[in-house]
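Asks: Got a structure for you, questions after.
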Ligand code: 5GP
Ligand code: ZN
């Protein structure tokens, strides 16, 4: 499994720096975000060091994500929130700051302080078909 001695999340996996861990197994760690968007904000990370989601082997991501439903349920039960956002940022432009794959599990309530812009668009004629075909080809490679 990949590790990076300079990575803050690898240090959390190894136990070299403290974290409020809510779950740890061979594949992953889940712990409280140190600067929560909302109280109870949890991060789920793979034990291996991969910068972005497209780099992690499918079996390692699967072993991590099998914990996601129980973690979402635990966040809901403990914070008594009405909803949950699961967010996963890849690349600086997408607001990734820590270069080790992580999933944010964020409790949501009406009127809370977390907002994001969702500029829903519309495809010009033919463009959706073009993109679908290109992605199908890419996946077949
Ligand atoms: P990103 O913007 O990369 O998707 O999110 C990184 C998250 O990691 C941020 O929400 C930040 O608060 C959290 N974080 C960064 N360093 C630490 C740390 O040392 N411990 C914990 N628990 N969370 C951290
Ligand atoms: Zn790492």
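In the numbering used here, the protein residues as written are 9 to 149. All C-beta atoms, glycine included, are put in the ideal place defined by N, C-alpha and C.
(1) Considering residue 16, what are the terminal residues of the alpha helix (DSSP H) in which it resides?
(2) Report the residue from 133, 45, 48, 19 whose alpha carbon sits nearest the alpha carbon of residue 36.
(3) Quick test of your reading: residue 89 and residue 115, contact by CB under 8 Å. State the CB separation rounded to the nearest angstrom.
(4) Check for me: the alpha helix (DSSP H) holding residue 106 runs from which residue to which?
(5) Mind listing which residues have their beta carbon within less than 5 Å of any non-hydrogen atom of the ligand ZN? Chain order is fine.
(6) If I measure Cβ to Cβ from residue 27 and keep anything under 7 Å in the same chain, skipping five residues before and after, which residues do I get?
(7) Spatial neighbours of residue 43 within its chain, please: C-beta separation below 7 Å, excluding the five flanking residues on both sides.
(8) Would you say the beta carbon of residue 123 is closer than 8 Å to some non-hydrogen atom of the ligand 5GP?
(9) On a Cα-Cα basis, can you pick out the residue from 140, 68, 52, 57 that is closest to residue 82?
(10) For the candidate residues 63, 30, 91, whose alpha-carbon lies nearest to that of residue 109?
(11) Is the stretch 53-72 close to the stretch 90-99, with three or more CB pairs under 8 Å?
(12) Can you look up residue 38 in the DSSP assignment and give me helix, strand or coil?
(13) Is residue 86 near the ligand 5GP, in the sense that its beta carbon is under 8 Å from a heavy atom of that ligand?
(14) According to DSSP, what are the bridge partners of residue 116?
Replies: Per the coordinate set shown:
(1) 16-22
(2) Out of 133, 45, 48, 19, the CA that lies nearest to the CA of residue 36 is found in 19.
(3) Indeed they touch by this definition, with Cβ atoms about 3 Å apart.
(4) Counting along the chain, residue 106 falls outside any alpha helix (DSSP H), and DSSP gives it neither H nor E.
(5) 12, 15, 17, 18, 57, 108
(6) 20, 39
(7) none
(8) Outside the cutoff, so no.
(9) 52
(10) 63
(11) yes
(12) strand
(13) For the ligand 5GP, not one heavy atom lies less than 8 Å from the Cβ of residue 86.
(14) Per DSSP, 91.
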